[in-house]
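Q: In my numbering, the protein residues as written are 1456 to 1703. Heads up, the beta-carbon is just placed ideally off N, CA and C, and yes, glycines get one too. Have a look at this one.
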Amino acid sequence: LCTTGGQALWVAILCRSFETAEEETCYLFSLQDISIRVALEEKRQQAEQQRNAALLELGIQKAAMDEHALVSITDIQGNITYVNEKFCATSGFRPDELLGQSHRMIKSHLHSPQFYEDLWKTVAGGHTWHGEITNRAKDGSLYTVAYTIVPWLDALGTPYQYVAIRTDITARKKAEQELALARERELSMGATIQQSLLFGKPPTDLEGVSVACFTEASNGLDGDFYTFTEIDPLCFEVFTGDVMGKGV
């Protein structure tokens, strides 16, 4: 309905029929303004739609997170209250083996006590911690993860649980180690070649003269060279050079 001022109203109508003394049928209409109730219902439906949309988005985000990351939640004492499937698949433990336990189950003992003290000091203070940790799976194998621990805070700013999100970087760390070893082998081989080809040996049978030489490369390998040429029993020549990044 509309009021005389043009305002739209929602009304509930109740109609009852009755007969007059002259046996005429009449109708009694009762109208109740329900505009506020209708407006509240519309707001409730909008809020419900927004909630469902938010839950759908959170579900999509969680599914994406579970595909990528190892996720666990612990209470304030550090006891595990939630683990996702990827965490279980990587660690080798079933959910029932992990829930109620602490992360000591996957501790590798490769990090110092001070490392863990600093970690817990950070999150207990309400701050997010980032770092890398090497853990031990159920079968004894090691795996390394990039770690983020986010404390969830109550109204007073006190942590009441911790959410840990990890990315498995084991393959990357292995590749980095293999690259470092390959570089060490390259330097070692280069140094061996340099020692055998670029450095001459000083003469040892000169009368009244003792000759020695020494070189130490800054990174295990350099471009210096030297050689000795004996002219006669009382004379020799030393020739040195540097060919690192330049011509002779």
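(1) In whole angstroms, what is the alpha-carbon distance linking Lys1629 and Asp1623?
(2) Assuming Thr1545 contacts Tyr1617 (C-beta within less than 8 Å), just tell me the rounded distance between them.
(3) Could you spell out where the beta strand (DSSP E) holding Thr1613 opens and where it closes?
(4) Assign Ala1467 to one of three DSSP states: helix, strand, or coil.
(5) Does Ala1524 come out as helix, strand or coil in the three-state DSSP assignment?
(6) The beta strand (DSSP E) that contains Arg1591, what's its start and end?
(7) Could you have a look at Phe1548 and say whether DSSP puts it in helix, strand or coil?
(8) To which residues does DSSP link Arg1621 through a beta bridge?
(9) What does DSSP give as the partner residues of Asp1697 in its beta bridges?
(10) If I measure Cβ to Cβ from Leu1554 and keep anything under 6 Å in the same chain, skipping five residues before and after, which residues do I get?
(11) Could you name the residues of the same chain whose beta carbon sits closer than 7 Å to that of Gln1487, not counting the 5 residues immediately before and after it, in chain order?
(12) Looking at the strands, I want to know which residues DSSP matches up with Leu1597.
(13) Within a Cβ cutoff of 6 Å, which residues of the same chain sit near Tyr1537, ignoring the five residues on either side of it in sequence?
(14) Per DSSP, Ser1485 is paired with what?
(15) Sort out for me which residues DSSP pairs Lys1562 with in a bridge.
(16) Can you tell me which of the three DSSP states Val1538 falls into?
(17) Got a sec? Which residues, its chain only, sit under 6 Å from Phe1680 by beta carbon, not counting five neighbours each side?
(18) What does a CB cutoff of less than 7 Å around Arg1621 pick up in its chain, not counting 5 residues either side in sequence?
(19) Under 8 Å Cβ to Cβ from Cys1481, same chain only, skipping five residues before and after it: list those, please.
(20) Report the option in Val1666, Ile1604, Leu1483 and His1566 whose CA atom is closest to the CA atom of Thr1577.
(21) Return the CA-CA distance between Asp1687 and Gly1663, expressed in angstroms with no decimal places.
(22) Just verifying my parser: in three-state terms, what is the DSSP assignment at Asp1660?
A: Judging by the given coordinates:
(1) Distance between the alpha carbons of Lys1629 and Asp1623: 12 Å.
(2) Rounded, the Cβ-Cβ distance is 19 Å, inconsistent with contact.
(3) Note, Thr1613: premise wrong, no beta strand (DSSP E); not H, not E.
(4) It is a strand residue.
(5) DSSP, read as helix, strand or coil, puts Ala1524 in coil.
(6) For Arg1591, the enclosing beta strand (DSSP E) stretches over residues Trp1584 to Arg1591.
(7) When DSSP states are grouped into helix, strand and coil, Phe1548 belongs to the coil group.
(8) DSSP output for Arg1621 lists Leu1525 and Tyr1602 as bridge partner(s).
(9) Bridge pairing for Asp1697: Asp1679 [DSSP].
(10) The beta carbon of Leu1554 lies closer than 6 Å to those of Ile1535 in the same chain, with the five residues before and after it left out.
(11) The residues Val1466 and Ala1467, in chain order, have a CB closer than 7 Å to that of Gln1487 in the same chain once the five nearest residues on each side in sequence are set aside.
(12) Arg1591, per the DSSP bridge assignment.
(13) Closer than 6 Å at Cβ, skipping near neighbours: Ile1528.
(14) For Ser1485, DSSP records a beta bridge to Leu1469.
(15) Asn1590, per the DSSP bridge assignment.
(16) Residue state, collapsed to three classes: strand.
(17) Answer for Phe1680: Leu1653 and Gly1696, listed in chain order.
(18) For Arg1621, where only same-chain residues beyond five positions count, the Cβ hits under 7 Å are Ala1524, Leu1525, Val1600, Ala1601 and Tyr1602.
(19) Counting only Cβ-Cβ distances below 8 Å, and skipping sequence neighbours, we find Ser1472, Phe1473, Glu1474 and Thr1475.
(20) Out of Val1666, Ile1604, Leu1483 and His1566, Ile1604 has the C-alpha closest to the C-alpha of Thr1577.
(21) Cα-Cα distance, rounded: 14 Å.
(22) Correct three-state label for Asp1660: coil.
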